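Heads up, the thing below is written out as structure tokens.
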Amino acid sequence: MSDPVTPADAPVQKLPVLFVPDLVVLPGMVVSIELDDAARATVDAARSGSDGRLLVAPRLDDRYAAYGAVATVERVGRVQGGTEAAILKADQRARIGSGVTGPGAALWVEVEPVATDADARNDQRVQELAEEYKRLVVATLQRREAWQVIDQVQRVTDPGALADLAGYAPYLSDERKRELLETPQVAARLELVVGWTREHLAEMELTDKIGHDVAEGMEKSQREFLLRQQLAAIRKELGEGEPEGADDYRARVEAAAVPDAVRESMLREVDKLERASDQSPETSYLRTWLDTVLDLPWSVRTDDTTDVAAARAVLDADHHGLEEVKDRITEYLAVRARRAERGLQVVGGRGSGAVMLLAGPPGVGKTSLGESVARALGREFVRVSLGGVRDEAEIRGHRRTYVGALPGRIVRAVKEAGSMNPVVLLDEVDKVGADHRGDPAAALLEVLDPAQNHTFRDHYLELDLDLSDVLFLATANVVEQIPQALLDRMELITLDGYTEDDKVAIARDYLLPRQLERTAMTPEEVTVTDEALHELAASHTREAGVRQMERLLARLLRKAATRLATRQASGPVHVDVADLKDLVGRPRFTPEVAERTSVPGVATGLAVTGLGGDVLFIEASAHEVRPGGAPGLTLTGQLGEVMKESAQIALTYVKAHAGELGVDPAFFDRAVHLHVPAGAVPKDGPSAGITMVAALTSLATGRPVRSEVGMTGEVTLNGRVLPIGGLKQKLLAAQRAGLTEVFVPLRNEPDLDDVPEEVLAALTVHVVGDVRDVVRGALGEAAEVAVERAA
Numbered sequence: 000m001s002d003p004v005t006p007a008d009a010p011v012q013k014l015p016v017l018f019v020p021d022l023v024v025l026p027g028m029v030v031s032i033e034l035d036d037a038a039r040a041t042v043d044a045a046r047s048g049s050d051g052r053l054l055v056a057p058r059l060d061d062r063y064a065a066y067g068a069v070a071t072v073e074r075v076g077r078v079q080g081g082t083e084a085a086i087l088k089a090d091q092r093a094r095i096g097s098g099v100t101g102p103g104a105a106l107w108v109e110v111e112p113v114a115t116d117a118d119a120r121n122d123q124r125v126q127e128l129a130e131e132y133k134r135l136v137v138a139t140l141q142r143r144e145a146w147q148v149i150d151q152v153q154r155v156t157d158p159g160a161l162a163d164l165a166g167y168a169p170y171l172s173d174e175r176k177r178e179l180l181e182t183p184q185v186a187a188r189l190e191l192v193v194g195w196t197r198e199h200l201a202e203m204e205l206t207d208k209i210g211h212d213v214a215e216g217m218e219k220s221q222r223e224f225l226l227r228q229q230l231a232a233i234r235k236e237l238g239e240g241e242p243e244g245a246d247d248y249r250a251r252v253e254a255a256a257v258p259d260a261v262r263e264s265m266l267r268e269v270d271k272l273e274r275a276s277d278q279s280p281e282t283s284y285l286r287t288w289l290d291t292v293l294d295l296p297w298s299v300r301t302d303d304t305t306d307v308a309a310a311r312a313v314l315d316a317d318h319h320g321l322e323e324v325k326d327r328i329t330e331y332l333a334v335r336a337r338r339a340e341r342g343l344q345v346v347g348g349r350g351s352g353a354v355m356l357l358a359g360p361p362g363v364g365k366t367s368l369g370e371s372v373a374r375a376l377g378r379e380f381v382r383v384s385l386g387g388v389r390d391e392a393e394i395r396g397h398r399r400t401y402v403g404a405l406p407g408r409i410v411r412a413v414k415e416a417g418s419m420n421p422v423v424l425l426d427e428v429d430k431v432g433a434d435h436r437g438d439p440a441a442a443l444l445e446v447l448d449p450a451q452n453h454t455f456r457d458h459y460l461e462l463d464l465d466l467s468d469v470l471f472l473a474t475a476n477v478v479e480q481i482p483q484a485l486l487d488r489m490e491l492i493t494l495d496g497y498t499e500d501d502k503v504a505i506a507r508d509y510l511l512p513r514q515l516e517r518t519a520m521t522p523e524e525v526t527v528t529d530e531a532l533h534e535l536a537a538s539h540t541r542e543a544g545v546r547q548m549e550r551l552l553a554r555l556l557r558k559a560a561t562r563l564a565t566r567q568a569s570g571p572v573h574v575d576v577a578d579l580k581d582l583v584g585r586p587r588f589t590p591e592v593a594e595r596t597s598v599p600g601v602a603t604g605l606a607v608t609g610l611g612g613d614v615l616f617i618e619a620s621a622h623e624v625r626p627g628g629a630p631g632l633t634l635t636g637q638l639g640e641v642m643k644e645s646a647q648i649a650l651t652y653v654k655a656h657a658g659e660l661g662v663d664p665a666f667f668d669r670a671v672h673l674h675v676p677a678g679a680v681p682k683d684g685p686s687a688g689i690t691m692v693a694a695l696t697s698l699a700t701g702r703p704v705r706s707e708v709g710m711t712g713e714v715t716l717n718g719r720v721l722p723i724g725g726l727k728q729k730l731l732a733a734q735r736a737g738l739t740e741v742f743v744p745l746r747n748e749p750d751l752d753d754v755p756e757e758v759l760a761a762l763t764v765h766v767v768g769d770v771r772d773v774v775r776g777a778l779g780e781a782a783e784v785a786v787e788r789a790a
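Be aware that the sequence shown starts at 0, since it is given in numbering that gives the first Met the number 0, and climbs by one per residue.
Here it is as structure tokens:
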């Protein structure tokens, strides 16, 4: 059979081309094309320049298509949803030539129409293939009961048109349809579609067989279930008892000391267990659920200590300082004892539990305080670590329908405690995250709300669990990272760190005895003087807590143990200040404020991080602007958006009040650079505002900031000093850094009541409401600097 030819009366045409993705259009097809900008331009070009005719071709990733279909634009309108679309009717297969120019924004190409072989109808091989393909298509459509489509297929007599009907076949991939489009010979197209349709029919027969086998298996399972139900009924009539295990569960539920509502729910589940088959997966789910509920201590409560003084003594023995927390626990215990005396343990359906948040830097004793509180109250203690938890089901539990479902951590904590009134420590509540599995912080809202947690409902249990008698202690390093709704449900108690004297007392009374025990040594073998402990706290550590202090003591004792073991020491090891260098190394921290602030343009600020308070140096510098450049402000040091805005405000204030501050206006013709070391540490917050004003004023006037001065406070455009947070931690950091004067906002004056007396005695605290007071008090006299310039 000869190849298709182009008739003489069908010369090469010039048509706009429309490349469509994810669709292959064959001759005879009518398709709807959504119009984007490119498609709209092509349709408009076809309707205006080529009698509504265009070429539709598939869009390929690696090359341009060699064949397409000449189509006519039948209609343009909007489909459901408002999207503009065009109805195209493909008429003829065409070979795509080179691109040509044409009107409009469309792409025009040369098109060579491909005619169907004139002898195809008379070819015996083609007729046999056409009949075979029609039979296969009808068989496929009969499986789908598409009778109307079958009638249309039966009316097609042209073999080429019959082969091109495969463009509508959903079981053919775009690659196979594109192969049909690029095969102009009728016989070759029919051979392709016959082979593909046979493969599809074989797959359908296999799928039907599998479905039939599955249906037969289900019918068999249902038949076995009915027979087992009948067998259970026969056993019941004969008095042979229930299936194994069900009778035991019913007896356990009836004997359990649980609330009535819980008992009713459990008995309903026991009824389901009795009706279920031993082979049913529901049986294991029911037994696991019943075991979990029966293991919960529904009616178990420990008796609290009634001796308030003895409880306070336990707290004092375990921890140094932390008076606010100890006072709050003592108050809680006193009120609970009074309610017990008057029979008011439960008021309004709620117990006398509490929810407290212990917030502070690492190493101040938040986690260990939970165990101490439980021991003081005489309660069970359970710790629940929330750091890195991102799945809501960790708090509220999984639904029972999931394989391996478990109750949440709160229910497991109550089960582990063995009582309904334990002390539950929710550790690192500020480290809770959220992702596609939900927000655990949102699930904690019900747990930590005293108005709701008496009916807490875990997804696994689906029973009301009374948590109103539980004492929840949550710990956090950074309060700002806790969602506001969750923070509002907890009573905030801040632990801002220890003074140097506190650290020495803690090391002498708690840390050193513990490390002596761990290194198997006695106080007679190793002694450490208070002066050495002071030196460790002042020059070897600079932290809010005492973890590094304990590590240094452990290292010191290991060195001492080595000396005793190797007989380098003939008697007891006595550690004084002079011995620290050999035992723990050189001091890590030395006073640097005087050195850093010795030149104009450097001011010492106070900041709060997740590790507690710290000093922050603000450095300012200025340089001449290059010709054609403009003065501006450069900020470095990984500053956040709020801190960048504070720097802009500080520069604007200094510009606006240059006369009052003694600043030469010519200073602002220079480019200013503001840097906040260390550059590798991200920083943010508004409390460095007055420090930036002081640094810029110092640079502009040549008056260095006094080395003994630190400051903190937010500044406004008109020079008002606004309050800041974390004042106690900042003053502790100022004392550790060796500062003697501190400027703080006037509205933070009430917060000074929380600062330890020894800190206030070591610092001169100036409360200011105007930044000009800071400039006057912090800046020293102008430095005399000799500058030699070359002529």
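All residues carry an ideal CB built from backbone N, CA and C; glycine is no exception.
Computed from a predicted structure; not experimentally measured.
Sub-8 angstroms separation of residue i and residue j beta-carbons
i: Ala-798; j: Gly-96; result: Because the chain spans 0 through 790 in this model, residue 798 falls outside it and cannot be assessed.
i: Ser-545; j: Gly-362; result: Residue identity differs from the one stated: residue 545 is Val in this sequence, not Ser. Their beta carbons are under 8 angstroms apart, which means Val-545 touches Gly-362 by this criterion.
i: Asp-365; j: Thr-474; result: It should be noted that the sequence gives Lys, not Asp, for residue 365. Yes, Cβ-Cβ distance for Lys-365 and Thr-474 is below 8 angstroms.
i: Met-691; j: Val-741; result: no
i: Ala-619; j: Leu-695; result: yes
i: Pro-755; j: Thr-540; result: no
i: Pro-57; j: Val-110; result: no
i: Gly-712; j: Gly-688; result: yes
i: Val-708; j: Val-770; result: no
Nonlocal neighbours in the same chain, by C-beta distance under 6 angstroms from residue i, ignoring five residues either side
i: Gly-437; result: Glu-391
i: Arg-595; result: Val-601, Phe-616
i: Asp-753; result: Lys-727
i: Pro-722; result: Pro-744, Arg-746, Asn-747
i: Asp-750; result: Leu-726
Spatial distance of residue i from residue j (CA atoms)
i: Gly-417; j: Glu-542; result: 38 angstroms
i: Ala-606; j: His-533; result: 24 angstroms
i: Val-525; j: Asp-575; result: 11 angstroms
i: Glu-549; j: Val-583; result: 12 angstroms
i: Pro-242; j: Arg-267; result: The predicted model places Pro-242 with a pLDDT of 48, which falls under 50 and marks its position as unreliable, so this point remains unresolved.
i: Leu-272; j: Leu-470; result: 37 angstroms
i: Val-478; j: Gly-432; result: 14 angstroms
i: Ala-256; j: Trp-297; result: 7 angstroms
i: Val-773; j: Arg-702; result: 13 angstroms
i: Thr-715; j: Ala-536; result: 38 angstroms
i: Asp-529; j: Thr-305; result: 38 angstroms
i: Pro-10; j: Gly-76; result: 32 angstroms
i: Arg-338; j: Ala-308; result: 17 angstroms
Residue i, buried or exposed, once every other Cβ within 10 Å from all chains shown has been counted against 16
i: Leu-731; result: buried
i: Ile-328; result: buried
i: His-435; result: exposed
i: Gln-123; result: exposed
i: Gln-728; result: buried
i: Asn-717; result: exposed
i: Pro-512; result: exposed
i: Arg-134; result: exposed
i: Phe-588; result: exposed
i: Trp-107; result: buried
i: Gly-631; result: exposed
Residues of its chain near residue i, where Cβ-Cβ distance is below 8 angstroms and the 5 sequence neighbours each way are ignored
i: Glu-623; result: Arg-669, Ala-670
i: Asp-21; result: Asp-173
i: Glu-461; result: Ser-264, Arg-399
Residues near residue i in its chain [Cβ-Cβ closer than 7 angstroms; skip 5 each side]
i: Leu-384; result: Sequence check: residue 384 is Ser here, not Leu. Counting only Cβ-Cβ distances below 7 angstroms, and skipping sequence neighbours, we find Asp-426, Glu-427.
i: Ile-481; result: Val-428, Asp-429, Ala-475
Would you check if there are 3 or more beta carbon pairs closer than 8 angstroms linking the region 554-561 to the region 654-667?
-> In the pairwise beta carbon analysis, the region 554-561 is classified as not touching the region 654-667: fewer than three pairs are separated by under 8 angstroms.
Should the region 368-384 be called in touch with the region 418-435, which here means at least 3 C-beta pairs below 8 angstroms?
-> At 8 angstroms Cβ cutoff, the stretches touch.
Is there contact here, the region 490-505 with the region 375-384, by at least three beta-carbon pairs under 8 angstroms?
-> Here the region 490-505 makes no contact with the region 375-384; the two share fewer than three CB pairs at distances below 8 angstroms.
Assess, as a yes-or-no matter, whether the region 285-293 is touched by the region 325-340 under the definition of 3 or more beta carbon pairs within less than 8 angstroms.
-> The region 325-340 is not in contact with the region 285-293.
Any contact of the region 756-765 with the region 678-685, i.e. 3+ C-beta pairs under 8 angstroms?
-> No, because fewer than three Cβ pairs between the region 756-765 and the region 678-685 fall closer than 8 angstroms, the two stretches do not touch.
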